[in-house]
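To convert, take the position in the sequence shown, counting from 1, and add 1066; that gives the working numbering.
Below: one structure, written as structure tokens.
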Amino acid sequence: MMWDAEVDVVVAGAGGCGLVAALTAAEQGLEVAIFEKTEFVLGNTAASAGMIPAAGTRFQREIGIIETPEEMAEDILKKNHYESDEQLTLALCKVSSKLVEWMNDHLGIELTVVEEFKYPGHRNFRMHAPPSRAGLDLMKSLRKNVSDRDNIYLMLKSQVMELIVGENNEVIGVVVHSDEGVQRVKAKKVILATNGFGGNKAMVQEYIPEISEALYFGYEANTGEGIEMAMKIGAGVDCMGAYQGHSAINEASGLLVTWGTIMMGGFMINENGYRFGNEAAGYSEFASEVLKQPGQYGYIIFDQQIYESLLSIEDFKNLNDMKVFKSAETIEELAEKLSVSDAHLKETVTTFDQQVDGQEDEFARNQFPKKLTAPYYAVKVVPAMFHTQGGLKINTNAQVLNKDGEVIQNLYAGGGAAVGVSGRHAYGYMSGNGLLAALGFGKIAGEHATEEILKQGAES
């Protein structure tokens, strides 16, 4: 076969997963080519809050938190009803500390433990994020690190369209389409970091019909080609009905409303002024509940204390600057501004307050109790799908497996292109699962691919 180029590692996709994988391999002197089908280096990592869950980091120890990867894995498994692969889940948790400290120490990306609030399902403070609490800053830093390395070739508007295989179905290269035409690139290892299929309406309707009518709040370029091209050479898939939903997108601004509004004691109502479920179950699974409401939207109700506590979060501050929040000194005034029944909203607030006094919540919410005090705030939100969590079957080395569970040699996957650790439905998603799977499997894939190449080089 005639080749147009040859590198050690091809990475398909320049999101968080792809850049971490590329940087990991390049650190050991390997030549890496990253092919990104768009003209941007963004992906879902850029749209995230930039919060990476990790267990056993020195940053945790500095604030008195001692925990193990096994404890973190247990939290993830409890949340997804033990539906994710236990060994895969543990592998991610074991790499998490190394990942966070490597990003901070080797890549110069400042990360600290988020202590403003504890996310549902996490027994400890374990989210690590940049000061801005913005995934875009993570991507900017990763992009700069890539640009600083002369052994990483980043090609934009260049899409991997096909995997080239040898006689034993091992991957030996890729077909790339760009403005310059079609190229065949030979590679010792190929890493699929093309994210999931949230931007592919047909695939979402096929695999996740319950959320297909919701707003898609992920990266539009996530259309599932990585999954499909691997399936064409016999790769297996798993948990294709899993996804991260989000219950709180402010459609007017296009910004995410932090679930900290709920975790610090707020609640959500529909256009009739009533609550309609247990918000504390999690922002992912609650999205389908919001979708069932009249008009398919809701309002988050919170107070001045919560408002002031969250202004350090960049998106929240931006929402405030855009004057998206409604505020009022009384519940009646707030109801009028929202055009909901003041009697219904007063009844809802009174009932919600009773859980603080020890009465059972009408929706069995037993987390984040608080009596809201004036001034009161509200923001209109709609539900969305953030990203899919099912994908290609992989092992603990991030190697892609065929339908029989056997390794497809030289092929790796991570992030949304691979099966995640959120089980089979929206209820299994725990905060941080998506970013952990992207960056964690990127790190694992990059390390294993590098080890294999260096070992083969030493033996030849």
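From the three backbone atoms N, C-alpha and C, an ideal C-beta is built for every residue, glycine too.
Given the structure is predicted, the values throughout are model-derived calculations rather than measurements.
The stretch 1086 to 1093 makes contact with the stretch 1500 to 1508, as at least three CB pairs between them are under 8 Å. Following the DSSP letters along the chain, one finds GLY1247 in no alpha helix (DSSP H) but inside the beta strand (DSSP E) bounded by residues 1247 to 1258.
Following the DSSP letters along the chain, one finds LEU1220 inside the beta strand (DSSP E) bounded by residues 1218 to 1222.
Out of LYS1252, GLY1081 and GLY1262, the CA that lies nearest to the CA of VAL1242 is found in LYS1252. Here ASN1234 carries a coil assignment [DSSP, helix/strand/coil]. Annotated three-state conformation of GLY1457 is strand, per DSSP.
Under a 10 Å Cβ-count criterion, TRP1069 is classified as exposed, with fewer than 16 other Cβ atoms of the shown protein chains found around its own Cβ.
Assignment of GLY1187 by DSSP, reduced to helix, strand and coil, places it in the coil class.
Counting along the chain, the unbroken alpha helix (DSSP H) around TYR1373 starts and ends at 1370 to 1376. Counting the other Cβ atoms within 10 Å of the Cβ of GLN1126 gives 16 or more, which makes it buried. In this structure, VAL1075 places its C-beta atom within 8 Å of the C-beta atom of ILE1257.
The three-state secondary structure of ILE1132, taken from DSSP, is coil. Check the Cα spacing between THR1416 and each of PRO1186, ALA1078, ASN1235 and THR1439: the tightest is with THR1439.
For PHE1418, the three-state secondary structure derived from DSSP is helix.
The three-state secondary structure of ASN1338, taken from DSSP, is coil. Within the DSSP secondary-structure output, LEU1321 pairs in a beta bridge with ASN1316. Distance from the CA atom of GLY1343 to the CA atom of ALA1200, rounded to whole angstroms, is 29 Å.
Cβ-Cβ distances below 7 Å link VAL1390 to ASN1316, ALA1318, SER1319 and VAL1445 in the same chain, with the five nearest sequence neighbours on each side left out; the list follows chain order. Judged by DSSP secondary structure, GLN1153 falls within the alpha helix (DSSP H) whose first and last residues are 1152 to 1171.
Around the CB of THR1134, fewer than 16 other CB atoms lie within 10 Å, so the residue is classed as exposed.
Residue environment analysis places GLU1176 among the exposed positions, since fewer than 16 neighbouring C-beta atoms fall within 10 angstroms of its C-beta. For TYR1273, no beta strand (DSSP E) segment is defined; the enclosing uninterrupted segment is the alpha helix (DSSP H) at 1267 to 1273. Ranked by how close their Cα comes to the Cα of MET1297, the residues THR1111, LEU1477, ASN1110 and GLN1094 have LEU1477 in first place. Of the residues MET1193, ASP1304 and TRP1168, the one whose Cα lies closest to the Cα of VAL1179 is MET1193. The alpha-carbon separation between ILE1230 and MET1067 amounts to approximately 10 Å. The bridge partners DSSP lists for LYS1392 are ALA1444. In the DSSP assignment, ILE1510 falls within the unbroken alpha helix (DSSP H) covering 1499 to 1525.
Between the alpha carbons of LYS1164 and GLU1182 lies a gap of roughly 23 Å. For ILE1142, no pairing in a beta bridge is given by DSSP.
In its own chain, leaving out the 5 sequence neighbours on each side, no residue places its CB closer than 8 Å to the CB of LYS1206. Looking at THR1111, PHE1101, ASP1419 and ALA1071, the one whose alpha-carbon comes closest to that of HIS1453 is THR1111. Put simply, of ILE1460, SER1114 and ALA1091 the residue whose alpha carbon is nearest the alpha carbon of TRP1325 is SER1114. Less than 8 Å divides the Cβ of ILE1328 from the Cβ of GLU1345.
Beta-bridge analysis with DSSP links HIS1194 to ILE1118 and VAL1179.
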